[in-house]
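Protein chains in written order, with our numbering: chain W, 1 to 256; chain G, 257 to 814. We put the CB at the ideal spot given by N, CA and C, even for glycine. Heads up: the structure comes next, in structure tokens.
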Amino acid sequence: MNLLTQTKNTWCPGCTNFGILAAFKGAIEDLVKNNEIKTEEVVVGSGIGCHGKISDYLNLNSFCGLHGRIVPVLSGAKIANPNLKVIAFEGDGDAYAEGIEHLVHAAKRNIDLTLIVHDNQTFALTTGQFTPTSPKGFKGKSTPEGSPEEPFNPLFLMLSAGATFIARSYALEVKKTQEIIKEAIRHKGFSFIEIIQPCLSLNDTRDHYQKRIYWLNESRQKDNIDFAFEKIREWNDKVPLGIFYQINKKTYGDFN
Amino acid sequence: MTHVASTVLIGGQAGDGAKEAGINLGKLLATAGQEVFVSVDYPSVIKGGHIFSRISFSKEKIFSDYKKIDLLIAFNNESISFHQKELKKDGVIFDESCLPMTQITKEINAPAITRTSVALGATCYYFNLEIENLEKIFKEAFGEKAEINIKLAKKGYQYLKTKNFKQKPRRLKGSGLRPKASEKKKILIDGNQALALGLIKAGLNVYFAYPMTPATSILHFLAKKEKELGLKVVQPENEIAVINMAIGAAYTGQKVAVGTSGGGFDLMQEAMSLAGMAEIPLVIAVSQRPGPSTGVPTYTSQSDLRSTRFSGHGEFPRILLAPGDPEEAYLLGAQALNLAWEYQAPVIVLLDKHLSESLMTSFFDSSKIKIENGKIAHNPKDYKRFETTSDGISPMAFPGMKNVVVKATSYEHDEQGITTEDSQIIKEMQEKRFKKLQLLLKEQKSKETVKVYGDKKSKNIIVSWGSTKGAVLEAMKYLKKSVKFIQPLYLEPLDAEKIKNHFKGAKKIIDIEGNLTGQLASLIREKTGIEIENKILKYDSRPFEPIELAKKINELLS
Numbered sequence: 001m002n003l004l005t006q007t008k009n010t011w012c013p014g015c016t017n018f019g020i021l022a023a024f025k026g027a028i029e030d031l032v033k034n035n036e037i038k039t040e041e042v043v044v045g046s047g048i049g050c051h052g053k054i055s056d057y058l059n060l061n062s063f064c065g066l067h068g069r070i071v072p073v074l075s076g077a078k079i080a081n082p083n084l085k086v087i088a089f090e091g092d093g094d095a096y097a098e099g100i101e102h103l104v105h106a107a108k109r110n111i112d113l114t115l116i117v118h119d120n121q122t123f124a125l126t127t128g129q130f131t132p133t134s135p136k137g138f139k140g141k142s143t144p145e146g147s148p149e150e151p152f153n154p155l156f157l158m159l160s161a162g163a164t165f166i167a168r169s170y171a172l173e174v175k176k177t178q179e180i181i182k183e184a185i186r187h188k189g190f191s192f193i194e195i196i197q198p199c200l201s202l203n204d205t206r207d208h209y210q211k212r213i214y215w216l217n218e219s220r221q222k223d224n225i226d227f228a229f230e231k232i233r234e235w236n237d238k239v240p241l242g243i244f245y246q247i248n249k250k251t252y253g254d255f256n
Numbered sequence: 257m258t259h260v261a262s263t264v265l266i267g268g269q270a271g272d273g274a275k276e277a278g279i280n281l282g283k284l285l286a287t288a289g290q291e292v293f294v295s296v297d298y299p300s301v302i303k304g305g306h307i308f309s310r311i312s313f314s315k316e317k318i319f320s321d322y323k324k325i326d327l328l329i330a331f332n333n334e335s336i337s338f339h340q341k342e343l344k345k346d347g348v349i350f351d352e353s354c355l356p357m358t359q360i361t362k363e364i365n366a367p368a369i370t371r372t373s374v375a376l377g378a379t380c381y382y383f384n385l386e387i388e389n390l391e392k393i394f395k396e397a398f399g400e401k402a403e404i405n406i407k408l409a410k411k412g413y414q415y416l417k418t419k420n421f422k423q424k425p426r427r428l429k430g431s432g433l434r435p436k437a438s439e440k441k442k443i444l445i446d447g448n449q450a451l452a453l454g455l456i457k458a459g460l461n462v463y464f465a466y467p468m469t470p471a472t473s474i475l476h477f478l479a480k481k482e483k484e485l486g487l488k489v490v491q492p493e494n495e496i497a498v499i500n501m502a503i504g505a506a507y508t509g510q511k512v513a514v515g516t517s518g519g520g521f522d523l524m525q526e527a528m529s530l531a532g533m534a535e536i537p538l539v540i541a542v543s544q545r546p547g548p549s550t551g552v553p554t555y556t557s558q559s560d561l562r563s564t565r566f567s568g569h570g571e572f573p574r575i576l577l578a579p580g581d582p583e584e585a586y587l588l589g590a591q592a593l594n595l596a597w598e599y600q601a602p603v604i605v606l607l608d609k610h611l612s613e614s615l616m617t618s619f620f621d622s623s624k625i626k627i628e629n630g631k632i633a634h635n636p637k638d639y640k641r642f643e644t645t646s647d648g649i650s651p652m653a654f655p656g657m658k659n660v661v662v663k664a665t666s667y668e669h670d671e672q673g674i675t676t677e678d679s680q681i682i683k684e685m686q687e688k689r690f691k692k693l694q695l696l697l698k699e700q701k702s703k704e705t706v707k708v709y710g711d712k713k714s715k716n717i718i719v720s721w722g723s724t725k726g727a728v729l730e731a732m733k734y735l736k737k738s739v740k741f742i743q744p745l746y747l748e749p750l751d752a753e754k755i756k757n758h759f760k761g762a763k764k765i766i767d768i769e770g771n772l773t774g775q776l777a778s779l780i781r782e783k784t785g786i787e788i789e790n791k792i793l794k795y796d797s798r799p800f801e802p803i804e805l806a807k808k809i810n811e812l813l814s
């Protein structure tokens, strides 16, 4: 089983997206080996931006959609054929700017779909503008004086919208990311993984995060919404990683 | 001019049940072997306002309702003040003063809305219709509540009979007779339901829509049929989600349609272009209403021919069909789904409020519909979704098939579906997609893509499209000169050769359509080089009226 295509990879040398690709590939290999999924039933999708190229690199059924719209495309695929395992990749521009309504509604209807957000806190492929998760004061080509907007907290939004699996990881922690992706795919319902993905060319945040990230205790019960709220709001001095919240709930289309 | 049809207008405020009463009367007349056309005119309100349904009927086939009325049933005073002037010389009004509908209803403690049944009962007497037929219709429409309505209808009938109403009952030609067994079984149905039935007949699996008048009733109808037919009917968060979900569903091999109106369709533009690029089989029903912008939501228009023809950025083939009545909506709805799969392209069915929501006695010939699945890859080796083929159509495979990887993308791509920036491949792929259109044009030769009516030898030619076809056919009954009427059903690609042939030797060509800029005329000029100078255009949000239209055509022909 070769999960990679022959396509030449055009990410920048050393791009942290390679970490996400490796983690995802590893997760699928593990799940297939374990007979939990079949490769032909996997459909991956991506939006537009650096992350979007992942569809070309994966030797799996794939749909590279429009900017911000891959969640509805894969939702439609899942509705039409519930046997499929659908996994969407989006950038922070896709998920939180152009297509935020789809994100909120996919969480609300708890469709059985996994969404992996490559959050580099900048529009990279368009050479560096602020996104909804860029910090206030972010100096980009469209905001030379610094972005006037406060970023918002996507995990907080997902918890309010009804996502039943909420996690955060770090692109350079490949093994841990791989395990979280596996859990997200196993989870029946809307699984949201935000991956902090420093952009080495335009927004190198490695120093900032490496000092702050820490992992949540994995063996705890994950259905405590108060704990999830508290940890999700932790952001400045310490940045928690791991699965914040997971509950079982009827998924969209599970009418009977 | 003597009208070939009789007309009843039922008016009231929203909540009075004027629409439902009109539809039930239409069904009753259809049961009595009449050809019927029911239009519904309503403002954008839930309660109040002024609503009317207009029911025209005749023993001969009719394609439109008429303005001049024989019987005005008024549930409020506005119905009289607005429509009294439209009464024919011998026209009659039923209102509370001559037919105490409310009082009769109150006598048996029935809800206020059931007074419509008193009126329908009286109408049965007036037109000499068998009241027994109304019972079956009420049972279908009201279920358990039918009893009380039947009771009230009988009271209305008796009231008129015994009160010596000033007008004698009319003897409806052929009334009281059941249609002969040999006659085709006709149903009274609107364009939206007809379209939905056509889609179902062609194998529809999933329907996505966000509510928008006048396309909403397709969603309602299919949602009701969801369980019975094993359909999936989904209402996503907005039209952008609608079309993207539909694209995802079609990518898995399911037959998919969406429905909307102009504004919703505008939101779908980017994904329309995606469907073109990723060669997704998809049907998009667009029911027009007057724009620009929110416009006049509950009224009619034919002003989105241009915006649908040119929808989506970039160049890609699409198919555009325009039915003019429910029978055509049924057949073209089915053809749309078949074409989408045969050509792996988006297919738009262009309707309008007048077609979507008006009811007409129709016969659906399901033997004309065969399900087409297009070119499917069976056990492919080294599968390439966008494989180069002689006709431009690549075999389709779907996720879930073993040993197959199906790649679709919004980027220009190679045969496998991998992003490309190679100029040679870009050129070849663009040509591959447009090859499909050439094939379609060739196959169109044997299809009824353009309809012709009237005197086929006449040098006076009328050209029109969509629901305006109805008023044109009806107006033709009152013309002083012979005409040939041409109605293109396929607007994209338009069969220019057929149109040119029909125009050969024409003395006068008249374009008739429901917009201000003559969008069909401009399409014909683009494709044939023929400039149509005579135009009858209507853009006041109301459909054409046969007698008024006949007058205008007669003027142009004199």
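On the DSSP bridge assignment, give the partners of G:Thr-665 in chain order.
W:Cys-64
Whether G:Val-605 touches G:Leu-588 by CB criterion (8 Å):
yes
Between W:Lys-250 and the rest of its own chain, which residues show a CB-CB distance below 8 Å, the 5 nearest in sequence each way excluded?
Asn-110
Any idea if W:Gly-93 is buried or exposed, counting beta-carbon neighbours within 10 angstroms, 16 or more meaning buried?
buried
Does the Cβ-Cβ distance between W:Ile-243 and W:Lys-222 come in under 8 Å?
yes
Between the C-alpha atoms of G:Ile-742 and G:Leu-735, what's the straight-line distance to the nearest angstrom?
16 Å
Say whether chain G places a C-beta atom closer than 8 Å to the C-beta of W:Asn-256.
Here the model assigns W:Asn-256 a pLDDT of 42, short of 50, so the residue's position is not dependable, and the following value carries that caveat. With 8 Å as the cut-off, W:Asn-256 does not count as an interface residue toward chain G.
Under 7 Å Cβ-Cβ, which residues of chain G neighbour W:Ser-62?
Lys-663
Bridge partner(s) assigned by DSSP for G:Gly-304
G:Ala-270
Could one say the Cβ of W:Leu-66 lies closer than 8 Å to chain G's Cβ atoms, at least one of them?
yes
Inter-residue Cα distance where the pair is W:Lys-268 and W:Leu-3:
The requested residue 268 of chain W is not part of the displayed model; chain W covers only 1 to 256.
Quick one: Cα of G:Lys-698 to Cα of G:Thr-705, how far?
12 Å
Classification of W:Glu-90 by the beta-carbon crowding that lies within 10 angstroms, buried from 16 upward
buried
Near W:Gly-253, which residues of its chain fall below 7 Å by C-beta distance, leaving aside the five closest residues on each side in sequence?
Ile-79, Pro-82
Closer than 7 Å, Cβ to any Cβ of chain G: which residues of the segment 15-44 of chain W, in chain order?
So the close ones are Glu-40, Glu-41, Val-43.
For a quick check, are the C-beta atoms of W:Gly-76 and G:Asn-500 less than 8 Å apart?
Closer than 8 Å, so yes.
What is the DSSP secondary structure of G:Pro-573, reduced to helix, strand or coil?
Residue state, collapsed to three classes: coil.
Within the continuous alpha helix (DSSP H) that includes G:Ala-505, where are the two ends?
Annotation: the continuous alpha helix (DSSP H) that includes G:Ala-505 extends over 495-507.
To be precise: take each residue of the segment 102-126 of chain W, compare its Cβ to all Cβ atoms of chain G, and keep it if any distance is under 7 Å. Which residues remain?
His-102, His-105
Does the distance from the CB of W:Ala-163 to the CB of W:Ala-107 come in under 8 Å?
Yes.
Residues sharing a beta bridge with G:Val-542, DSSP
According to DSSP, which records beta bridges pairwise, G:Val-542 is partnered with G:Thr-516, G:Leu-606.
For G:Phe-477 versus G:Val-514, is the C-beta spacing smaller than 8 Å?
Their beta carbons are not under 8 Å apart, which means G:Phe-477 does not touch G:Val-514 by this criterion.
Excluding sequence positions up to five away, which residues of its chain have a Cβ less than 6 Å from the Cβ of G:Leu-823?
Nothing in the structure corresponds to residue 823 of chain G, since chain G is present only between 257 and 814.
When the Cα atoms are used, what is the spatial distance from G:Gly-412 to G:Leu-328?
15 Å
Chain W contact residues for G:Glu-526, given Cβ-Cβ distances below 9 Å
What G:Glu-526 touches in chain W: Leu-66, His-67, Arg-69.
Where does W:His-118 fall in DSSP's three states?
strand
Beta carbon of G:Gln-600, beta carbon of G:Gly-568: below 8 Å?
Not closer than 8 Å, so no.
Taking only three categories from DSSP, how would you classify W:Thr-39?
helix
Of the residues G:Thr-645, G:Lys-323, G:Ser-666, G:Gly-630, which one's Cα is nearest the Cα of G:Ala-879?
The displayed coordinates of chain G run from 257 to 814. Any statement about residue 879 of chain G would go beyond what the structure contains.
So, is the C-beta of G:Gln-491 closer than 8 Å to a C-beta in chain W?
no
Under 6 Å Cβ to Cβ from G:Glu-613, same chain only, skipping five residues before and after it: list those, please.
If we look at G:Glu-613 and ignore the five residues flanking it on each side, its Cβ neighbours are Val-296, Asp-446, Pro-470.
The segment 626-658 of chain G: which residues have C-beta closer than 9 Å to a C-beta of chain W, in chain order?
Near chain W, meaning a CB-to-CB distance below 9 Å, the residues of the segment 626-658 of chain G are Phe-654, Pro-655, Gly-656, Met-657, Lys-658.
Say the cut is 7 Å; is the CB of G:Val-660 nearer than that to a heavy atom of the ligand GTP?
You won't find the ligand GTP in this model; it holds no ligand whatsoever.
Given this structure, state the Cα-to-Cα distance separating G:Thr-370 from G:Val-462, to the nearest angstrom.
37 Å
Under 7 Å from the C-beta of G:Ile-503: neighbouring residues of chain W:
For the C-beta of G:Ile-503, the chain W residues within less than 7 Å are, from N- to C-terminus, Val-73, Gly-76.
How big is the Cα-Cα spacing for G:Pro-299 and G:His-306?
7 Å
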